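Residue numbers (our numbering), protein chains in the order written: chain A, 232 to 345; chain B, -19 to 95.
Quick notes on the structure that follows.
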């Protein structure tokens, strides 16, 4: 069964500082991997996704993520955080075949301080 | 174009009651998925429907059911509500069913409180 682990429940960074959110996945084959962002009272918005090719994926809002098969990781990064990035971030995995069951991690809540 | 719309936005029910949640996908999208998000947790997959047929079901009891209409809108029904059913229910649409890489577009959800 597929699963996702986000070890950091809550992270606080200063505005302008760099950010890395950790994600580890468990899946028998090469999965499809995603990062979603959720602002309070809102649904989820896709930041980026990986399913093949270049292991460094660029997304919206200046985010990027790197797929590392040897570490079963898909960490999200941003070089300089803005106050508007404060939100909850979810890593997710989906099977490479079959129906579209996406499994989400528990989420990492990002707080940005001035 | 409108995004995924869900109704109602908030709902309060008592234990044992039944509830129906509604979702309209993005125009042209034929697949609808439902997720339950309990406070402090990530969303959990409940159902996926495509072309009015159930394509996948998560680990939820039979009290949960859903259907998709010819216009691709969908309803999620929950019977015999329990306190633990209190959650944000998210609907997501996509243009095709089945490959895991398909991008999901989420609505803002229905916040269900069971008292």
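All C-beta atoms in this analysis are idealised placements derived from N, C-alpha and C, irrespective of residue type, glycine included.
Here the structure is a predicted model, which is why all the values come from computation and not from measurement.
Under 8 Å between C-beta atoms, does residue 343(A) make it to chain B?
no
Are at least three pairs of beta-carbons, each pair with one atom in the segment 66 to 77 of chain B and one in the segment 248 to 262 of chain A, less than 8 Å apart?
no
Hey, is residue -7(B)'s beta-carbon within less than 8 Å of any beta-carbon in chain A?
no
Does the segment 281 to 297 of chain A touch the segment 40 to 50 of chain B, meaning 3 or more C-beta pairs lie closer than 8 Å?
Too few Cβ pairs lie closer than 8 Å, so no.
Determine the burial state of residue 17(B): buried for a count of at least 16 other Cβ atoms within 10 Å of its Cβ, exposed for fewer.
Residue 17(B) comes out buried.
Under 7 Å Cβ-Cβ, which residues of chain A neighbour residue 19(B)?
None at all; the shortest Cβ gap to chain A is about 11 Å.
Using DSSP with H/G/I as helix, E/B as strand and the rest coil, what is residue 240(A)?
coil
Tell me whether residue 309(A) sits in a helix, a strand or coil according to DSSP, three-state version.
strand
Please name the residue or residues paired with residue 24(B) in a DSSP beta bridge.
16(B)
Per-residue DSSP class, three states only, for residue 332(A)
Assigned with DSSP and collapsed to three states, residue 332(A) falls in coil, not helix or strand.
Would you say residue 337(A) faces chain B, with C-beta separation under 8 Å as the test?
yes
How many whole angstroms separate the CB atoms of residue 55(B) and residue 0(B), which I take to be in contact at a CB cut-off of 8 Å?
5 Å
Any Cβ of chain A within less than 8 Å of the Cβ of residue 83(B)?
Residue 83(B) counts as touching chain A.
Cβ-based neighbour list, residue 224(A), same chain, cut-off 6 Å, excluding 5 preceding and 5 following:
There is no way to answer for residue 224(A), as the model of chain A reaches only from 232 to 345.
Give every residue of the same chain whose Cβ lies closer than 6 Å to the Cβ of residue 295(A), excluding the five residues on either side of it in the sequence, and list them in chain order.
289, 308, listed in sequence order.
Could you tell me whether the Cβ of residue 298(A) comes closer than 8 Å to any Cβ of chain B?
No, residue 298(A) does not count as interfacial toward chain B.
What is the residue span of the beta strand (DSSP E) that residue 268(A) lies within?
263 to 269
Reference residue 86(B), options -8(B), 4(B), 34(B), 30(B), closest by Cα
With distances taken between Cα atoms, residue 86(B) lies closest to 4(B).
Would you kindly work out how many angstroms separate the C-alpha atoms of residue 327(A) and residue 243(A), rounded to a whole number?
34 Å
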